[in-house]
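Student: Quick one: structure below, then a few questions.
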Amino acid sequence: MTNQNAKDPNGVVIFDTTLRDGEQSPGCSMNLEEKLSVASVLDEMGVDVIEAGFPISSVGDFEAVSEIARQTKNAQIAGLARARPADIDRAWEAVRHAPRPRIHTFLSTSPLHMKYKLNMDPEDVYQTVIDSVTHARQYTDNVEWSAEDGTRTDWDFLCRCVEAAIDCGATTINIPDTVGYTVPEEYFELVSMLRNRVPNMDRAIISTHCHNDLGLAVANSLAAVRAGARQIECTINGIGERAGNAAMEEVVMALRTRQDAMPYHTGVNTTYITRASRLVSGITGFTVQPNKAVVGKNAFAHESGIHQDGMLKNAQTYEIMTPESVGLNRSTLVMGKHSGKHAFKQKLEELGYTLADNELNDAFYRFKDLADHKKEIFDDDLIALVDDAVVRHNDHIKFVSLGIHCGSDEPQTADLELEVEGERKTVRNVEGTGPVDATFRAIREIWPHQASLELYQVHAVTGGTDAQAEVTVRLAENDLTVNGQGADYDTLVASARAYVNALNKLMVKRDKVATGATAAGDAVAGAEAV
Ligand code: KIV
Ligand code: ZN
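Rendered as structure tokens:
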């Protein structure tokens, strides 16, 4: 592994941890297919390193990291490991299939963490840094070492540990702001201090990993880059533990937009940002707040008369970056009910989707149906429809039809037909408090289960009363949490599809637990670990 600084002094490595730090936050879990689709977009968009998971934490995580390592074409694939031989062996086992594998091992160095979390004294921690990096280096020369809670670590001790890690062969040194405590000036000082005081610092890249507890993750990351750090760890939409991590779209667009103030660059193709953001929010059910920088619904909306007038005269009056630069093409009218499959396929390719034949047939059928009911079809409609068609491809339970009686004339009832493992099952006149409740009760009658509904969320894909609804349903059963998605021009059909999708995911997760897939690892991945 060569030193990125030597190759390109102003190049910043983008290390995406959506699939590890992001996925580890409550309610964000993704299944294998979902992780693969996120990894594939990250790879296409030019992310340098994808941290695909924490392989020892569960068999599911191990499988996901291995599969991502096998399928990814360009990005380096990192697997997280605590400072233990078994963790490092497992991480290597998972990432070794990648063309450019990386082991990322970490250990806490702050007084608080050493005393209360690790119950180790500093000399033991120092020796463990040496042992763990040496162990990882047996496998690869691409080793990253992180000083967990680095921003609350004593500077002299931090310098000793960093120097030792580099001496043992670490090529990336990450200084996490694990609890989102630092401020830009202080973090700038910390990175500058390491560059001045650690004698072998020029043999490694300094990396930032900032949490957003005080809303400073992006500002802190950029301050570190100004001080000489050349890797930023970040996540799509800023998801991650607690208040999340530095948002990738924000750091990348800040660097691109303010070249005058920060003359650094990344290899990210920013036109993929909107697609990546939608994919992650769709999968996790974590909607993006409307006023979120770069990817919020309102990030490029100009509502007030004065702003609209300025925009019409010259877009730069109120726009510092174009929507197109983040892949937000003002939703264009696409096709109608007379469009053929060939044009449909081509349009999907323009939107970045290449579907297998069976998925394409499914999506085309749904498109025709939508075109019969909805006057105008926009890009966003197609995106919602295709995401929905692809999501349910491997489902055991399939939605067939739904009839609803609702309104002020009580009771509200649902007639529902599902296909369960190929067999049609129907219930009629299932009552509920409103049509959504009746629909979900009907599903429960056909497929009894104990999972509780944790989230029910509806969002309109476009404007207009004929807009498609995109629904997210979160179900929880014991320690398992899953998100299901559904889209349709009928909100209740979308709701039923989302619920059924969540149930399908729950079945997959249950199977994994039953076969021991998560048991040992999940205990490992608990609070003690990261
Ligand atoms: O926040 C943190 O310190 C981490 C490390 C494991 C890198 O996520
Ligand atoms: Zn973190």
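Per our numbering, the sequence shown runs over residues 16 to 545. Yeah, the Cβ is synthetic: ideal placement off N, Cα and C, and Gly gets one too.
Going straight from the alpha carbon of Gln304 to that of Glu256, what length do you get?
Tutor: 17 Å
Student: Is the segment 179-197 close to the segment 149-168, with three or more CB pairs under 8 Å?
Tutor: In short, these stretches touch, since the Cβ pair count reaches three.
Student: Could you tell me if the beta carbon of Gly184 falls within a distance shorter than 7 Å of some heavy atom in ligand 2?
Tutor: Gly184 Cβ: outside cutoff for every heavy atom of ligand 2.
Student: My assumption, with CB atoms under 8 Å, is that Ala513 sits in contact with Thr496. Please give the rounded CB distance.
Tutor: Between Thr496 and Ala513 the Cβ distance is about 15 Å, and since that is not below 8 Å, they are no contact.
Student: For the alpha helix (DSSP H) that Asn211 lies in, which residues bound it at each end?
Tutor: Pro199 to Arg212
Student: Express the C-alpha separation of Val148 and Glu460 in angstroms, rounding to a whole number.
Tutor: 54 Å
Student: Just confirm the distance between the C-beta atoms of Thr33 and Val53, as a whole number of angstroms; I'd bet it's less than 8 Å.
Tutor: 6 Å
Student: So, is Ala538 buried or exposed, given that buried needs 16 or more other C-beta atoms within 10 angstroms?
Tutor: Any reading at Ala538 must be qualified, since the residue scores a pLDDT of 33, below 50, and its modelled position is unreliable; the value itself is stated next. Classification for Ala538: exposed.
Student: On the three-pair Cβ rule with 8 Å, is the segment 272-283 touching the segment 24-44?
Tutor: yes
Student: Answer yes if the segment 249-263 comes into contact with the segment 211-222, meaning at least three C-beta pairs across the two stretches below 8 Å, and no otherwise.
Tutor: no
Student: Closest by CA to Val310, which one among Asn329, Lys328 and Gly342?
Tutor: Gly342
Student: Beta strand (DSSP E) containing Phe30: first to last residue?
Tutor: Val28 to Asp31
Student: Tell me whether His280, by its Cβ, gets closer than 7 Å to a heavy atom of ligand 1.
Tutor: no
Student: Report the residue from Asn134, Ser161, Asn313 and Gln483 whose alpha carbon sits nearest the alpha carbon of Thr98.
Tutor: The displayed chain sequence assigns Ala, not Thr, to residue 98. Among Asn134, Ser161, Asn313 and Gln483, the Cα nearest to that of Ala98 belongs to Ser161.
Student: Does the distance from the CB of Val473 to the CB of Thr506 come in under 8 Å?
Tutor: yes
Student: Closer than 7 Å: is that where the CB of Pro191 sits relative to any heavy atom of ligand 1?
Tutor: yes
Student: Do Thr168 and Leu236 have their beta-carbon atoms positioned less than 8 Å apart in this structure?
Tutor: With the sequence shown as reference, residue 236 is identified as Ser, and Leu is not the correct amino acid for it. Their beta carbons are not under 8 Å apart, which means Ser236 does not touch Thr168 by this criterion.
Student: Give every residue of the same chain whose Cβ lies closer than 7 Å to the Cβ of Leu51, excluding the five residues on either side of it in the sequence, and list them in chain order.
Tutor: Glu82, Ile83 and Gln86
Student: Quick check: does the Cβ of His119 come within less than 7 Å of any heavy atom belonging to ligand 4?
Tutor: In the structure shown, ligand 4 is absent; the only ligands present are ligand 1 and ligand 2.
Student: Buried or exposed for Pro24, going by 16 or more other Cβ atoms inside 10 Å?
Tutor: exposed
Student: Go ahead and label Asp156 buried or exposed: buried means 16 or more other beta carbons lie within 10 angstroms of its beta carbon, across all protein chains shown.
Tutor: exposed
Student: Ignore the nearest five residues each way along the sequence and tell me which others in Ala258's own chain have a CB closer than 7 Å to its CB.
Tutor: Gly195, His226, Asn227 and Asp228
Student: First and last residue of the alpha helix (DSSP H) that includes Trp170?
Tutor: Trp170 to Asp182
Student: Just list the alpha helix (DSSP H) runs in the segment 22-73, keeping only unbroken ones of 4 residues or longer that don't cross its boundaries, in chain order.
Tutor: 47-60
Student: Verify whether the separation of the beta carbon atoms of Tyr202 and Thr166 is less than 8 Å.
Tutor: yes
Student: Along the chain, which unbroken stretches of the beta strand (DSSP E) at least 3 residues long are found entirely within the segment 359-423?
Tutor: 412-420
Student: State yes or no: is the beta carbon of Gln153 nearer than 8 Å to at least one beta carbon in chain B?
Tutor: Among the protein chains of the structure shown there is no chain B, as only one such chain exists.
Student: Who are Glu163's beta bridge partners in DSSP?
Tutor: Ser123
Student: So the alpha helix (DSSP H) Asn235 belongs to, where does it begin and stop?
Tutor: That run of the alpha helix (DSSP H) goes Ala232 to Ala242.
Student: Taking just the CA atoms, how far does Gly75 sit from Glu200?
Tutor: 40 Å
Student: Can you look up Tyr141 in the DSSP assignment and give me helix, strand or coil?
Tutor: Under the three-state reduction of DSSP, Tyr141 is assigned to helix.
Student: Out of Ile288, Arg210, Pro116 and Ala269, which one is the CA nearest neighbour of Glu59?
Tutor: Ile288
Student: In the DSSP assignment, find the alpha helix (DSSP H) that holds Arg459 and state where it starts and stops.
Tutor: That run of the alpha helix (DSSP H) goes Pro450 to Ile461.
Student: Three or more C-beta pairs closer than 8 Å, one from the segment 439-457 and one from the segment 509-523: is that the case here?
Tutor: Judged by pairs of C-beta atoms under 8 Å, the segment 439-457 touches the segment 509-523, as three or more such pairs exist.
Student: Under 8 Å Cβ to Cβ from Arg525, same chain only, skipping five residues before and after it: list those, please.
Tutor: Non-local C-beta neighbours of Arg525 in its own chain, meaning closer than 8 Å and more than five positions away in sequence, comprise Glu492 and Leu495, ordered along the chain.
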